[in-house]
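Data first, discussion second: the structure below is written as structure tokens.
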Amino acid sequence: MALPQGPLSHRYRGEHPVRTLLYLFRPDRGRVALAVAVFFCKHAPVWLLPLITANIVDVVVRHRPVSVLWWNSAVLLVILLLNLPLHLLYVHWMHGSIRRMGTRLRSALCHRMQQLSIGYHSRVSAGVLQAKVIRDVEGIENASQQTADNGLAAIATLSGGLVVIGLQTPAFLPVFLVIVPAAAVLVVRLRERLRSQNESFRLEVERLSSRVGEMTTLIPITRAHGLERTALRRVDRTLGRVLDAGLRLDLLNGRFGSLAWILLNAIGVGCLAGSALVAYYGWLDVTPGAVVMLSAYFSGLTGSVTTLLTLTPQLGKGLESVRSVGEVLQAPDLEENSGKAEVAQVSGRIEFRGVGHTYPGGEEPSVSGFDLTVRPGETIALVGGSGAGKSTVLNLLIGFLRPTGGSILLDGTDMEQLDLRSYRKFLSVVPQESILFEGSIRENVTYGLKDVPEETVRAALRDANALEFIDRLPQGLDTVVGERGARLSGGQKQRLAIARALIRDPRVLILDEATSALDSRSEALVQQALARLVEGRTVFVVAHRLSTIRNADRIVVMDRGRIAEVGPHAELLRSGGAYAGLQAAQLA
Ligand SMILES: Nc1ncnc2c1ncn2[C@@H]1O[C@H](COP(=O)(O)OP(=O)(O)OP(=O)(O)O)[C@@H](O)[C@H]1O
Ligand SMILES: [Mg+2]
Numbered sequence: 004m005a006l007p008q009g010p011l012s013h014r015y016r017g018e019h020p021v022r023t024l025l026y027l028f029r030p031d032r033g034r035v036a037l038a039v040a041v042f043f044c045k046h047a048p049v050w051l052l053p054l055i056t057a058n059i060v061d062v063v064v065r066h067r068p069v070s071v072l073w074w075n076s077a078v079l080l081v082i083l084l085l086n087l088p089l090h091l092l093y094v095h096w097m098h099g100s101i102r103r104m105g106t107r108l109r110s111a112l113c114h115r116m117q118q119l120s121i122g123y124h125s126r127v128s129a130g131v132l133q134a135k136v137i138r139d140v141e142g143i144e145n146a147s148q149q150t151a152d153n154g155l156a157a158i159a160t161l162s163g164g165l166v167v168i169g170l171q172t173p174a175f176l177p178v179f180l181v182i183v184p185a186a187a188v189l190v191v192r193l194r195e196r197l198r199s200q201n202e203s204f205r206l207e208v209e210r211l212s213s214r215v216g217e218m219t220t221l222i223p224i225t226r227a228h229g230l231e232r233t234a235l236r237r238v239d240r241t242l243g244r245v246l247d248a249g250l251r252l253d254l255l256n257g258r259f260g261s262l263a264w265i266l267l268n269a270i271g272v273g274c275l276a277g278s279a280l281v282a283y284y285g286w287l288d289v290t291p292g293a294v295v296m297l298s299a300y301f302s303g304l305t306g307s308v309t310t311l312l313t314l315t316p317q318l319g320k321g322l323e324s325v326r327s328v329g330e331v332l333q334a335p336d337l338e339e340n341s342g343k344a345e346v347a348q349v350s351g352r353i354e355f356r357g358v359g360h361t362y363p364g365g366e367e368p369s370v371s372g373f374d375l376t377v378r379p380g381e382t383i384a385l386v387g388g389s390g391a392g393k394s395t396v397l398n399l400l401i402g403f404l405r406p407t408g409g410s411i412l413l414d415g416t417d418m419e420q421l422d423l424r425s426y427r428k429f430l431s432v433v434p435q436e437s438i439l440f441e442g443s444i445r446e447n448v449t450y451g452l453k454d455v456p457e458e459t460v461r462a463a464l465r466d467a468n469a470l471e472f473i474d475r476l477p478q479g480l481d482t483v484v485g486e487r488g489a490r491l492s493g494g495q496k497q498r499l500a501i502a503r504a505l506i507r508d509p510r511v512l513i514l515d516e517a518t519s520a521l522d523s524r525s526e527a528l529v530q531q532a533l534a535r536l537v538e539g540r541t542v543f544v545v546a547h548r549l550s551t552i553r554n555a556d557r558i559v560v561m562d563r564g565r566i567a568e569v570g571p572h573a574e575l576l577r578s579g580g581a582y583a584g585l586q587a588a589q590l591a
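The opening position of the sequence shown corresponds to residue 4 in our numbering, with each subsequent residue numbered one higher.
This is the structure:
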């Protein structure tokens, strides 16, 4: 399927949901038009039935020729039989188009999530995004399907009825024209309120979704501390709010439906009585058959208008989902890469020029006045207390965060001018928390690379000191690690993450606490491997255990976002500053 995000990202307008919906159906518009045409044909029995009934009643009452009866019955039977093939065609075209629209929308959402900045993803919970891709798109599909099925039926009955009445008993046409404006007034009056109720209900459901997501991730901690009640209370409060919002919405919908029903039936009774009186006193030439026909059309038309009215809440819910999806598709927080210079080669020279970063909403800068020039192939270690800003510097280097002051130059070019996606092809990151996905060890290690020879995979795993435990697993490289690597120990996950970084043969290697979950023996082994692997690459490594970084070319000691000291291990020890203090504390 063609990738839809290009046009979608430009044209998507959540504030005009109807236009957006029409836009989403554009690729299928031919099929939708065919479906509508087929629907009108297949629906013909419904609006022809009163006419045929009238003809047959008049055969009996007015003694018309019996052949009229046979003809009318035959015509009716034929169109009834035609219903099956026509209905299948309709489902094929209309429901098919709706499903394709849903698929396009889901795909566009996933595309957009890949473009949104890491900052956006740290603000918006995964649960909320999941709810949008799953629930909202389903809501749009359902609303479209119901609008199509019921709405077309109502419109077909309505227009067919009006045509027949216009031809047979034109004097009654104005009566019907009263119904439509009356209904329209009702719809307009309630629409705004429905909209705001729909929105608050949706927001509550999204909150619930992120609460439940949070609860499931917290389950091990919750249970370990016997905090089940606390966790459930948190969810209960959100459940209560969803209930309230849902009930308010239901009541409003109920009031809407009931009012519409009463109003329209009252009009229907009035019309029936009126047409009977006209026939009774002979004011117009109305046959008994015509009274029966008019009465049938009254109820048919009333039914259709009621259907259209009750569709309003459903359609409102669907349009609210369109708006909800729009929140993601229109989010301005994109990582802007298009049109920027592609990086074809990286030698690994990195200059930080007075780099500062303050998180949105943060008062103090997390990093400030960071000045450092790194030669290609140099290994830089970042040390410092928790919260000193080490991970922030690494995230600036990856381009997940943008400097709020100063600039970062890669091989002499400001990173702001580079297509970060092309730069990151030369980058490998072992994050503070290893992230694996449901799949085999091989798939996890070669993630994003094609046709990697067995030997290369094994070599990377050997270098990461992971091979010994993998060879002990019954399925070896093809062992499935469970969702998020649930079936591995912390240290095992970390070694796989290191292997994944190494196999990409990066020019710049970033290790954030990459050896924290290893025991001293494995750490020593990984250390040796890393010592070989840092050759010819620019490496940034964060470690709390100072033994790990003793061999770094330079050590940057950070304190509250600033550089306190820079230099090689021996020199920093001699000078007796902050680093010497940290070292003494660790040895103590
Ligand atoms: N997403 C965020 N939003 C707001 N503030 C943040 C965010 N991430 C980090 N901070 C703040 O920035 C400061 C530096 O955090 P950072 O993660 O860089 O520390 P660190 O040196 O890596 O610490 P650690 O050794 O514990 O990993 C901290 O004070 C932290 O509270
Ligand atoms: Mg950190």
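All residues carry an ideal CB built from backbone N, CA and C; glycine is no exception.
Short Cβ contact (8 Å threshold) for residue i with residue j
i	j	result
Val545	Lys393	yes
Val294	Ala282	yes
Leu505	Leu536	yes
Glu141	Arg102	no
Thr395	Val370	yes
Val484	Leu464	no
Gly415	Gly357	no
Leu252	Gln200	yes
Ser125	Arg34	no
Arg107	Leu170	no
Val331	Arg115	yes
Ser431	Pro509	yes
Val62	Leu52	no
Leu197	Pro316	yes
Gln586	Leu576	yes
Leu399	Val559	no
Segment limits, beta strand (DSSP E) that includes residue i
i	result
Thr376	Val370 to Val377
Asp61	Here Asp61 belongs to no beta strand (DSSP E); instead the alpha helix (DSSP H) covers Ala47 to Val64.
Gly408	Gly408 to Leu413
Val511	Val511 to Asp515
Where residue i falls: helix, strand or coil (DSSP)
i	result
Ser389	coil
Phe403	coil
Gln589	helix
Gly2	Given a span of 4 to 591 for the chain in the structure shown, any question on residue 2 remains unanswerable.
Phe543	strand
Gly365	coil
Phe429	helix
His572	helix
Glu354	strand
Gly359	strand
Ala567	strand
Val560	strand
Thr172	coil
Gly579	coil
Leu521	coil
Ala344	strand
Asp247	helix
Asp417	strand
Gln8	Model confidence at Gln8 stands at a pLDDT of 43, short of 50, so the residue's coordinates are unreliable; what they give is reported in the following sentence. Looking at Gln8 - three-state DSSP - the assignment turns out to be helix.
Residue range of the alpha helix (DSSP H) that includes residue i
i	result
Ala111	Gly99 to Gln118
Glu81	According to the sequence displayed, residue 81 carries Val and not Glu. Segment Val69 to Tyr93, the alpha helix (DSSP H) holding Val81.
Arg22	Pro20 to Leu27
His228	His228 -> no alpha helix (DSSP H), and no H or E assigned at all.
Pro316	Pro291 to Leu332
Glu552	One detail in the question is off: residue 552 reads as Ile in this sequence, not Glu. Segment: none, Ile552 is in no alpha helix (DSSP H) and carries neither H nor E.
Asn145	Val140 to Gln149
Gly122	Ile121 to Arg126
Beta-carbon proximity list for residue i, same chain, < 6 Å, skipping 5 on both sides
i	result
His228	none
Gly488	Leu439 and Lys496
Trp3	The question about residue 3 has no answer here: the residues shown for the chain are numbered 4 through 591.
Pro368	Gly359, Thr361 and Gly564
Arg244	Glu207
Contacting residues, own chain, Cβ-Cβ under 8 Å from residue i (five flanking each side not counted)
i	result
His46	Leu155, Ala156, Ala159, Thr160 and Gly163
Trp264	Thr309
Glu516	Gln435, Val545, Ala546 and His547
7 Å Cβ shell around residue i - same chain, five flanking residues per side excluded
i	result
Arg214	Arg237, Val238 and Thr241
Which runs of the alpha helix (DSSP H), 4 residues or longer, sit entirely within the region 433 to 492?
The qualifying runs are 444 to 448, 457 to 466 and 470 to 474.
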